[in-house]
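All residue numbers for the sequence shown refer to my numbering, where the first residue is 3 and numbers rise by one. Below is one structure; the comments refer to it alone.
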Amino acid sequence: MKPRNIVFIIAYAIALTGISVWMGNLSYSWFPPQASAESLLIDKLFAFLVTIGTFIFLGITGVMFYSVVFQRAAKYDFSDGPHIEGNVTLEVVWTAIPILLVFWLAGYSYYIYDQMSIRGPMEMMHLSMGHGDTPAVVEEVPTEEIEVISKQWAWVFRYPESNVTSTELHLPANHRIKLALTSEDVLHGLYIPAFRVKQDIVPNKTINFEFTPIKEGTYRLRDSQFSGTYFATMQTNVVVESPEAYSSWLAEAKKLTPSPAYNQAAAEYSQQKKKGFKTGWPTVIPAKPPVVNYSSS
């Protein structure tokens with residue numbers, strides 16, 4: 003191979019690597035704020051996949067573009083190309099590299115999954131937010147257990163230690179949250195984009211799920227599973243606040259008398275019945291509005 007070609011290949015590989023790393027770093031801006039310890043890990047994995055994917059995509063399309071522009075046959079050249087039986091070395095290389103890449107990606111993905119501790123608390127050591135935006139490891143993270151009840155079409159959250167119920171999920175920052183997820187009717191899915199966590203909820207089964215919120219603010223919880231007519235209304239706020247503010251909210255909510263919460267699905271269904279609107283097909287009647295201490299409306 004000519005020295006000029008070698009220099010070109012090296013320069014192209016360096017440029018390709020630089021662009022790929024830039025794209026990987028850029029991918030962090032494609033998502034909502036990183037509001038949980040898990041989001042730091044998930045975004046890191048996604049950025050890594052974007053970097054690898056960009057390198058492969060531009061590498062292949064770059065070679066194709068070069069071949070089309072600089073290696074095309076001359077006009078009116080209908081002769082056959084060189085007769086090549088095969089190249090064992092090349093075939094081994096292009097088979098081995100994808101296999102090694104797949105094992106590398108699988109290993110790294112499992113490492114991220116392992117750190118997230120979705121399979122259970124690992125010696126109670128989880129990621130939290132350190133000074134600035136630097137992740138730090140915190141030992142013996144305080145835990146908070148909350149029961150989550152999903153039904154068509156409402157979320158109900160129960161805080162067993164305080165005997166408080168609400169339709170808005172409140173969480174203390176930098177505490178390990180342990181949710182007990184149940185469904186009263188069909189499949190539902192707990193999905194909080196800012197946390198990068200999602201868990202399906204199966205009827206007649208309690209599913210335990212954990213994560214660690216690290217950034218105070220108000221986020222949105224949505225149902226990731228299509229659950230019927232008023233599926234779009236099944237969402238609510240997730241409020242992450244300081245442990246002191248969280249304790250204060252629990253104390254204030256406990257003083258409130260339980261009452262029916264506003265439910266958008268029930269309200270829309272009632273309005274539809276009053277207008278006498280007929281769809282031509284049966285509509286599932288929403289569950290009665292939940293009776294809670296604190297409503298999100």
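No residue lacks a Cβ here, since even glycine has one placed at the ideal position from N, Cα and C. Just so you know, these numbers come straight off a predicted model, no measurement behind them.
Residue burial classification, residue i (beta-carbon count within 10 angstroms, cutoff 16)
{"i": "Tyr-113", "result": "exposed"}
{"i": "Gly-132", "result": "Reliability fails at Gly-132, whose pLDDT of 44 lies under 50, so the model's placement of it is uncertain and the value that follows must be treated cautiously. By the 10 Å Cβ count, Gly-132 comes out exposed."}
{"i": "Gln-201", "result": "buried"}
{"i": "Asp-225", "result": "buried"}
{"i": "Glu-246", "result": "exposed"}
{"i": "Glu-170", "result": "buried"}
{"i": "Ala-153", "result": "In the sequence under discussion, the amino acid at residue 153 is Lys, which differs from the Ala named in the question. When all chains shown are included, Lys-153 counts as buried."}
{"i": "Ala-255", "result": "buried"}
{"i": "Leu-28", "result": "exposed"}
{"i": "Ala-196", "result": "buried"}
Nearest candidate by alpha-carbon position, reference residue i, set the options
{"i": "Thr-56", "options": "Thr-91, Gly-20, Gly-83, Asn-239", "result": "Gly-20"}
{"i": "Ile-194", "options": "Ala-182, Val-65, Tyr-221, Thr-97", "result": "Tyr-221"}
{"i": "Phe-33", "options": "Arg-198, Ser-69, Thr-169, Ser-81", "result": "Arg-198"}
{"i": "Tyr-115", "options": "Ala-75, Asn-165, Ile-44", "result": "Ile-44"}
{"i": "Gly-230", "options": "Val-286, Tyr-248, Asn-89, Leu-223", "result": "Val-286"}
CB contact flag (residue i, residue j, <8 Å)
{"i": "His-172", "j": "Glu-243", "result": "yes"}
{"i": "Tyr-110", "j": "Phe-50", "result": "yes"}
{"i": "Leu-189", "j": "Ile-203", "result": "yes"}
{"i": "Gly-162", "j": "Glu-147", "result": "One detail in the question is off: residue 162 reads as Pro in this sequence, not Gly. Yes, the Cβ-Cβ distance between Pro-162 and Glu-147 is below 8 Å."}
{"i": "Leu-18", "j": "Leu-60", "result": "yes"}
{"i": "Ala-182", "j": "Glu-218", "result": "no"}
{"i": "Leu-252", "j": "Val-240", "result": "no"}
{"i": "Tyr-232", "j": "Glu-186", "result": "no"}
{"i": "Tyr-14", "j": "Gly-88", "result": "no"}
Beta-carbon contacts of residue i that lie in its chain and below 8 Å, excluding the five residues immediately before and after
{"i": "Leu-258", "result": "Asn-295, Tyr-296"}
{"i": "Thr-167", "result": "Val-158, Phe-159, Arg-160, Tyr-161, Pro-260, Pro-292, Val-293, Val-294, Asn-295, Tyr-296"}
Residues near residue i by beta carbon distance below 6 Å, same chain, minus five either side
{"i": "Gly-184", "result": "Before going further, note that residue 184 is Thr rather than Gly in the sequence given. Excluding residues within five positions, the ones whose Cβ falls inside 6 Å are Ile-151, Thr-208."}
{"i": "Ser-69", "result": "none"}
{"i": "Pro-205", "result": "Ser-185"}
Own chain residues within Cβ distance below 7 Å of residue i, not counting five before or after
{"i": "Tyr-30", "result": "Asp-45, Ala-49"}
{"i": "Gln-227", "result": "Leu-189, His-190, Gly-191, Asp-202"}
Residue i Cβ short of 7 Å to the ligand SAM heavy atom set
{"i": "Glu-146", "result": "Absence of the ligand SAM from the depicted structure is noted, as is the absence of any ligand whatsoever, leaving it without description."}
> Just checking, does the segment 5-24 make contact with the segment 56-65 on the three C-beta pairs under 8 Å criterion?
Replying inline: yes
>> Within 8 Å, do at least three Cβ pairs link the segment 36-45 to the segment 207-227?
In response: yes
>> With a threshold of 8 Å, are at least 3 pairs of Cβ atoms found where one atom belongs to the segment 232-242 and the other to the segment 155-174?
In response: yes
> Is the segment 258-274 in contact with the segment 286-296, if contact means three or more CB pairs nearer than 8 Å?
Replying inline: yes
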